[in-house]
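According to our numbering, the residues represented by the sequence shown are 16 to 121, in order.
Here the structure is laid out as structure tokens; the discussion comes afterwards.
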Amino acid sequence: MATTSTASAIGPTGNDSMLRIPCPQCGERDYTEFRYGGDASKSRPDHASTDRRAWLDYVFLFDNPKGWHREYWQHVQGCRQWLVLRRNTATNTVGEAPRARAAGPP
Ligand SMILES: [Zn+2]
16 MATTSTASAI
26 GPTGNDSMLR
36 IPCPQCGERD
46 YTEFRYGGDA
56 SKSRPDHAST
66 DRRAWLDYVF
76 LFDNPKGWHR
86 EYWQHVQGCR
96 QWLVLRRNTA
106 TNTVGEAPRA
116 RAAGPP
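Here it is as structure tokens:
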């Protein structure tokens with residue numbers, strides 16, 4: 016039995032409206048050119064820290080916020096820069112996306 020494949024661009028919201036990310040180097044691009052890199056609002060524990068609870072929280076526990084959130088994204092199919100994207104998780108709208116080095120700590 017032959018199967019047919021309908022390739023369509025389905026965005027993270029489940030519809031065909033694509034998430035567009037404003038890369039400071041390349042301009043506005045489709046989210047498929049980027050790779051999600053995690054929560055940018057968390058602070059990494061000090062490397063010398065032996066606080067297991069702090070490392071457990073940093074590595075394995077994630078919030079699921081509704082509203083504006085800071086996220087790391089890398090432009091893997093473009094300039095390869097890491098960005099800190101402000102994205103509203105309720106509406107999937109994006110805000111500014113400075114380079115991660117320029118964005119500073121959370
Ligand atoms: Zn770029």
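For every residue, glycine included, the Cβ atom is placed at its ideal position computed from N, Cα and C.
Taking 3 residues as the shortest admissible run, the stretch 33 to 70 contains the following complete beta strand (DSSP E) segments, listed from N- to C-terminal end: 35 to 38, 42 to 45, 50 to 54. For R114, no alpha helix (DSSP H) encloses it, and the DSSP letter there is neither H nor E. Annotated as proximal: G110 and W83, with beta-carbon spacing under 9 Å. Less than 9 Å separates the beta-carbon of R85 from that of P121. Of the candidates W97, P113, A105, the residue whose Cα lies closest to the Cα of Y51 is W97. When DSSP reads this structure, Y73 sits in no beta bridge, so it has no partner. Here V99 carries a strand assignment [DSSP, helix/strand/coil].
Note: T106 is not bridge-paired with any residue in the DSSP secondary-structure output.
Beta-bridge annotation (DSSP): Q89 is paired with R50, W97.
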